[in-house]
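Trainee: What follows is a structure written as structure tokens; I'll ask about it next.
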Amino acid sequence: MISARIQMNNPLGLHLRPVGVLCTEALNYECKIEIKKDNIVANAKSVLSVLAAGIRYGEEFELICSGSDEKAALDTLKKLFEDS
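Going by our numbering, the sequence shown wraps up at 814, each residue one higher than the last.
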């Protein structure tokens, strides 16, 4: 299991369009991918689960990957947030 702390830099927060991109990319990996904010743990392969986490501008969350391709998944998904 590996993880990274990420700050939401998109002024609109984590809304439908970036969540769709995130989930589509996450589905390319076999590992378990979760987003944790406070006490909420969301399945990063589920649009509704990620939207329910309600991540807003300026908030921090943890991206957690666990499985055979965890490093590649974390690197790719982390870059998605850095580029947005």
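Positions of the beta carbon are idealized from the N, C-alpha and C atoms, including for glycine.
Give the secondary structure of Leu742 by DSSP, where H, G and I count as helix, E and B as strand, and everything else as coil.
Mentor: As a working mapping, residue 742 is identified with position 12 in the sequence shown. Note: Leu742 maps to coil in three-state DSSP.
Trainee: Under a three-way DSSP split, which group does Gly793 fall into?
Mentor: Here residue 793 is taken as the residue at index 63 of the sequence shown, counted from 1. Looking at the sequence itself, residue 793 is Leu, so the reference to Gly does not match. DSSP places Leu793 in strand when its eight states are reduced to three.
Trainee: With the cut-off set at 8 Å, would you say Ser776 and Cys795 are in Cβ contact?
Mentor: On the sequence shown, residue 776 is found 46 positions in, with the first residue counted as 1. On the sequence shown, residue 795 is found 65 positions in, with the first residue counted as 1. No; because the gap between Cβ atoms is not below 8 Å, this pair is not in contact.
Trainee: Quick check on Ala774: does DSSP put it in helix, strand or coil?
Mentor: Walking along the sequence shown from the start, residue 774 turns up at place 44. Coil, per DSSP.
Trainee: By a C-beta neighbour count over all protein chains shown, 10 Å radius and 16 as the cutoff for buried, is Leu742 buried or exposed?
Mentor: The residue you call residue 742 lines up with position 12 of the sequence shown. Exposed, by the Cβ-count rule.
Trainee: Give a single yes or no on whether Ser798 has its beta carbon closer than 7 Å to a heavy atom of the ligand GDP.
Mentor: In the structure on display, the ligand GDP does not appear, and there are no ligands present to speak of.
Trainee: Measure the CB-CB distance between Lys762 and Phe791 and report whether it falls below 8 Å.
Mentor: Residue mapping note: residue 762 aligns to position 32 of the sequence shown, counting from 1. Residue mapping note: residue 791 aligns to position 61 of the sequence shown, counting from 1. No, these two residues do not count as a Cβ contact at 8 Å.
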